[in-house]
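If you read the sequence shown in UniProt numbering, its first letter stands for residue 1, the second for the next number, and so on.
Ideal placement from N, C-alpha and C gives every residue a C-beta, glycine not left out.
Note that the structure is a prediction, hence the values are computed from the model and not measured.
One structure below.
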Amino acid sequence: MTLEVGVLGYRFMGKAHANALARLPMFFSDAPDVERKVLVGRDEEALSEAADQLGFAETATDWREVVDDVDVFYNLGPNHVHAEPSIAALEAGTPVFCEKPLAPTLEEAAEMAEAAREAGVPNGCAFNYRFVPAIRYAKRLIDDGEIGEIRHVRGRYLQDWLVDPEAPWAWRLDEEMAGSGVLGDLGAHTVDLVRFLVGGDEHAGEIERLSGHLQTFVDERPVEGEDSETRPVTVDDAYSAQLEFANGAMGTLEATRYATGHKNDHTIEIQGSEGSLRFSLERLNELEVLRRGENRGYETILVTDEDDPYVDHWWPPGHVIGWEHTFVHENYELLSAVANDGTFEPSFEDGLAAQRILAAVEDSDERGEWVDLG
Ligand code: SOE
Numbered sequence: 001m002t003l004e005v006g007v008l009g010y011r012f013m014g015k016a017h018a019n020a021l022a023r024l025p026m027f028f029s030d031a032p033d034v035e036r037k038v039l040v041g042r043d044e045e046a047l048s049e050a051a052d053q054l055g056f057a058e059t060a061t062d063w064r065e066v067v068d069d070v071d072v073f074y075n076l077g078p079n080h081v082h083a084e085p086s087i088a089a090l091e092a093g094t095p096v097f098c099e100k101p102l103a104p105t106l107e108e109a110a111e112m113a114e115a116a117r118e119a120g121v122p123n124g125c126a127f128n129y130r131f132v133p134a135i136r137y138a139k140r141l142i143d144d145g146e147i148g149e150i151r152h153v154r155g156r157y158l159q160d161w162l163v164d165p166e167a168p169w170a171w172r173l174d175e176e177m178a179g180s181g182v183l184g185d186l187g188a189h190t191v192d193l194v195r196f197l198v199g200g201d202e203h204a205g206e207i208e209r210l211s212g213h214l215q216t217f218v219d220e221r222p223v224e225g226e227d228s229e230t231r232p233v234t235v236d237d238a239y240s241a242q243l244e245f246a247n248g249a250m251g252t253l254e255a256t257r258y259a260t261g262h263k264n265d266h267t268i269e270i271q272g273s274e275g276s277l278r279f280s281l282e283r284l285n286e287l288e289v290l291r292r293g294e295n296r297g298y299e300t301i302l303v304t305d306e307d308d309p310y311v312d313h314w315w316p317p318g319h320v321i322g323w324e325h326t327f328v329h330e331n332y333e334l335l336s337a338v339a340n341d342g343t344f345e346p347s348f349e350d351g352l353a354a355q356r357i358l359a360a361v362e363d364s365d366e367r368g369e370w371v372d373l374g
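In structure tokens form, the structure reads like this:
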């Protein structure tokens, strides 16, 4: 059986997923057969160019014609087009994969998760960093109790594409289209990784309360190609949050688009009663581990052995992989779940759980006080 895939969106994420779909049969022999059937977008010329380049058989300018005509629907559009097409696809019984954050608002995310529950088909939210081998290795160590009881979690995601006040306006800077700024765009990834790694009841558990802070540094930006026209920035440029987990562990999170010199710097640090872990996306083939009683510095583990997660599908041990491979792993798990009537994680439910935390950060910033999530 060949799974026909329909993809809405053909820019950055469209490319990342089209690349993953093309790599799957070459490297994952047990993956289901997939056809890049139809690419969806509004601008016909750009769309047909993208379809040729990314290997799609057809194009469509209306997602309504596509959602019940494919075996899986990928919604890789901007945040404000996540809810309607995704819900329509789920109502048609089509498995859906949707970009993060799941929706611009908590209300829409809740509707999407409800539609997914009712449809009972595989559904996924695009938290691709769960599919980094070193992150999966870290989870294994945490699950095996190797670092003991979790006490501290630190996550930060630093980018710098807005440092220049003349950098052009983009949809990501508009509340109507994006919902929130860096909070939803980058914070969602960190929140999901924290939930994935330590969110289980046997670890730190749920985030029970938090205090959040948002900041916008530049509140209007030039419109590209339009002399002297500007548009307002209506979302956050940076956020930070302090967390308290169910087991009493403490967390700090932050992200910004103003971290001069940092392009895509996502780091997670965890300290437990028996040891500590450190991961940096800039060195994604590595995990740093420090065990209790051996405090002579972190040991760097290269997560590139054939028995490390997903590594045997690629090159001989020690041959590193990159950012784009996370999408191949993600597509492998998603499409295998679709082919085998299985389930996929992170699901819409995980997208909603992350969104609750993001909404609480906004709420706390507005109220100027800690917010309970319990
Ligand atoms: C933003 O710059 C961005 O492209 C995010 O939207 C992605 O989710 C992240 O992986 C990289 O940065």
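- Tell me, to the nearest whole angstrom, how far the beta carbon of K15 is from that of L39; I am working on the premise that it is less than 8 angstroms. As a working note, residue 15 is residue 15 in the sequence shown. As a working note, residue 39 is residue 39 in the sequence shown. Separation of the CB atoms of K15 and L39 is rounded to 11 angstroms, and the pair is thereby denied contact status at 8 angstroms.
- Nearest candidate by alpha-carbon position, reference V132, set F327, R367 and T343: Here residue 132 refers to the residue found at position 132 of the sequence shown. Looking at the Cα atoms, F327 is the closest of the given residues.
- Item | Between the CA atoms of E369 and R130 - distance to the nearest angstrom | As a working note, residue 130 is residue 130 in the sequence shown. As a working note, residue 369 is residue 369 in the sequence shown. Straight-line Cα distance between these residues: approximately 31 angstroms.
- Where DSSP assigns a beta bridge to L158, which residues make up the other side? Taking the first residue of the sequence shown as 1, we reach residue 158 at position 158. Answer is T256 and D265.
- Locate the alpha helix (DSSP H) running through Y332, then write down its first and last residues. By one-based count along the sequence shown, residue 332 stands at place 332. Start and end: W323 to A339.
- Enclosing beta strand (DSSP E) for I301 [first to last residue]: If you number the sequence shown from 1, residue 301 lands on position 301. I301 -> beta strand (DSSP E) spans E299 to L302.
- Task: Please list, in chain order, all residues of the same chain as A167 whose beta carbon is under 8 angstroms from its beta carbon, the five residues on each side excluded.
- Result: Here residue 167 corresponds to residue number 167 of the sequence shown, with the count starting at 1. Within the same chain, A167 has close Cβ partners W161 and R221.
- Task: Could you pull out every residue in the same chain whose Cβ sits closer than 8 angstroms to the Cβ of W315, ignoring the five residues on either side in sequence?
- Result: Along the sequence shown, read from residue 1 onward, the residue named residue 315 stands at position 315. Around W315: I321.
- Item | Straight-line Cα distance separating K100 from D350 | Your numbering for residue 350 matches position 350 in the sequence shown. Your numbering for residue 100 matches position 100 in the sequence shown. Their backbone Cα atoms lie some 11 angstroms apart in a straight line.
- Locate the beta strand (DSSP E) running through K37, then write down its first and last residues. Taking the first residue of the sequence shown as 1, we reach residue 37 at position 37. K37 -> beta strand (DSSP E) spans D33 to V40.
- Task: To the nearest angstrom, report how far apart C125 and S280 are at their CA atoms.
- Result: Sequence index remark: in the sequence shown, residue 125 carries index 125 (1-based). Sequence index remark: in the sequence shown, residue 280 carries index 280 (1-based). Their Cα atoms are separated by approximately 22 angstroms.
- Task: Kindly give me the distance between the Cβ atoms of N19 and E324, rounded to whole angstroms, as I take these residues to be in contact under 8 angstroms.
- Result: Position 19 of the sequence shown, counting from 1, holds the residue named residue 19. Position 324 of the sequence shown, counting from 1, holds the residue named residue 324. Yes, they are in contact, since the Cβ atoms of N19 and E324 sit about 6 angstroms apart, within 8 angstroms.
- Message: Just list the residues that DSSP pairs N123 with in beta bridges.
- Response: Start at 1 with the first residue of the sequence shown, and residue 123 comes out as number 123. In DSSP, N123 forms a bridge with V96.
- For the beta strand (DSSP E) that F73 lies in, which residues bound it at each end? On the sequence shown, residue 73 is found 73 positions in, with the first residue counted as 1. Taken as a continuous stretch (DSSP letters only), the beta strand (DSSP E) holding F73 covers V72 to N75.
- Could you tell me which of R283, L284, E282 and I301 sits nearest to residue 422, measuring between CA atoms? With the chain represented from 1 up to 374, any question about residue 422 goes unanswered, as that position is not in the structure.
- Query: Using the beta-carbon count (16 or more within 10 Å), is R156 buried or exposed?
  - Reply: What you label residue 156 is simply residue 156 of the sequence shown in a count that begins at 1. Buried, since its Cβ has 16 or more Cβ neighbours within 10 Å.
- Item | Unbroken alpha helix (DSSP H) run spanning residue 436, endpoints | Residue 436 is absent from the model: the chain starts at 1 and stops at 374.
- Comparing alpha-carbon positions, which option in L243, R231 and Y239 lies nearest V198? On the sequence shown, position 198 is the one that residue 198 refers to. The residue with the shortest Cα to Cα distance from V198 is L243.
- For my contact list, I135 and L173 are in at a C-beta cut-off of 8 angstroms; report their separation, rounded to the angstrom. As a working mapping, residue 135 is identified with position 135 in the sequence shown. As a working mapping, residue 173 is identified with position 173 in the sequence shown. No, I135 and L173 are not in contact; Cβ-Cβ is about 29 angstroms, not under 8 angstroms.
- What does a CB cutoff of less than 7 angstroms around E333 pick up in its chain, not counting 5 residues either side in sequence? Start at 1 with the first residue of the sequence shown, and residue 333 comes out as number 333. Residues of the same chain with a CB within less than 7 angstroms of the CB of E333, apart from the 5 flanking positions on each side, are F344 in chain order.
- Message: Could you tell me the alpha carbon to alpha carbon distance between M153 and V223, rounded to whole angstroms?
- Response: On the sequence shown, residue 153 is found 153 positions in, with the first residue counted as 1. On the sequence shown, residue 223 is found 223 positions in, with the first residue counted as 1. It is worth fixing the name first, because residue 153 is Val in this sequence and not Met. Those two C-alpha atoms are separated by around 39 angstroms.
- the ligand SAH heavy atoms versus the CB of Q355: any closer than 7 angstroms? Here the bound small molecules are the ligand SOE; the ligand SAH is not part of this structure.
- Message: Is Q53 close to the ligand SOE? I mean its beta-carbon at under 7 angstroms from any heavy atom of the ligand.
- Response: As a working note, residue 53 is residue 53 in the sequence shown. Checking every heavy atom of the ligand SOE against the Cβ of Q53, none is found closer than 7 angstroms.
- Query: Who are the Cβ neighbours of residue 375 in its own chain at under 7 angstroms, not counting the five residues just before and after it?
  - Reply: The structure shown does not extend to residue 375, since the chain spans only 1 to 374, so no value can be given for it.
- Under the three-state reduction of DSSP, which class applies to T230: helix, strand or coil? Translated into the one-based positions of the sequence shown, residue 230 becomes position 230. Three-state result, T230: strand.
- Query: Could you give the C-beta distance for I357 and I207, rounded to a whole number, given that I count them as a contact under 8 angstroms?
  - Reply: Here the question's residue 357 lines up with position 357 in the sequence shown. Here the question's residue 207 lines up with position 207 in the sequence shown. Confirmed, Cβ separation roughly 6 angstroms.
- Query: Is the beta carbon of L162 within less than 7 angstroms of some heavy atom of the ligand SOE?
  - Reply: As a first step, residue 162 is located in the sequence shown; it is residue number 162 there, counting from the start. No; taking the cut-off as 7 angstroms, the Cβ of L162 has no heavy atom of the ligand SOE nearer than that.
- When burial is assigned at 16 or more other CB atoms within 10 Å of the CB, is D237 buried or exposed? The count along the sequence shown starts at 1 and reaches residue 237 at position 237. It counts as buried.
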